[in-house]
Each structure stands twice: as C-alpha cells, then as structure tokens.
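Trainee: Attaching a single structure in structure tokens format; questions to follow.
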Amino acid sequence: MMRYRDTGALHPDFHGTMNATLEYLGSTYGREALRAVFAATAQNVYSSIYEKIRRGDLSELIEHWRYYLDRENADYTLDVDDSGVTLTVRD
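Residue numbering for the sequence shown follows my numbering, starting at 16 and increasing by one per position.
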C-alpha cells in the first residue's frame, strides 16, 4: 500500500523543472552527484518502495507508477511478468 497519494492539483511544470534541475546537476557536478541524489531520494522519500524492492517485492512500485501515470492521463503500458516489470511511456 502506498505511503501517501497526492490528491491536489497537478503541477504541469513539475517534469520540465525536474528535467532542467537534473540536467544542471549532471552537467555541473557529474554522474556521481546524480547517483547520490537518486539514491537519497529512493532511500528517504520513497523509503517504503525502496525497502520492498530490496526484498524483491515490486508491488508498491507498480502501484505508485499506475496511480501517478493514470492521474496524469499518461499514455503508457506496464507489463508485469515473472522476470520483472517493463514500463513504457509514450509522448
């Protein structure tokens, strides 16, 4: 079960802002800085998802993806089988 679910207004500039921020961090501080940001985000912000993945349980990650992609009316497919999960997001 997801730890929280945003229910307020969508922020259409969020993804553009995140892309610009990550581009800046990568070009200014390098790949290791990006890895550190991603690791800290996974371990702190998404701790319950992170811990379940470490135990081999992808259920909360799948629930999270479905919830937010459906909420944003994304064009995506999510294929789950015994070998893992494949997320495909289209423009």
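Note that the Cβ used here is the ideal one computed from N, Cα and C, for glycine as well.
Taking the straight line between their C-alpha atoms, what separation do you get for ALA57 and TYR65?
Mentor: Computed Cα separation, rounded: 6 Å.
Trainee: What are the boundary residues of the beta strand (DSSP E) that includes ARG46?
Mentor: No beta strand (DSSP E) holds ARG46; the alpha helix (DSSP H) holding it covers 46-55.
Trainee: For ARG105 versus ASP85, is the C-beta distance shorter than 8 Å?
Mentor: It is not a contact, given that the beta carbons lie outside the stated cut-off.
Trainee: Using C-beta distances below 8 Å, list every residue in its chain close to SER74, excluding the 5 sequence neighbours before and after it, in chain order.
Mentor: Same-chain partners within the cutoff: LYS67.
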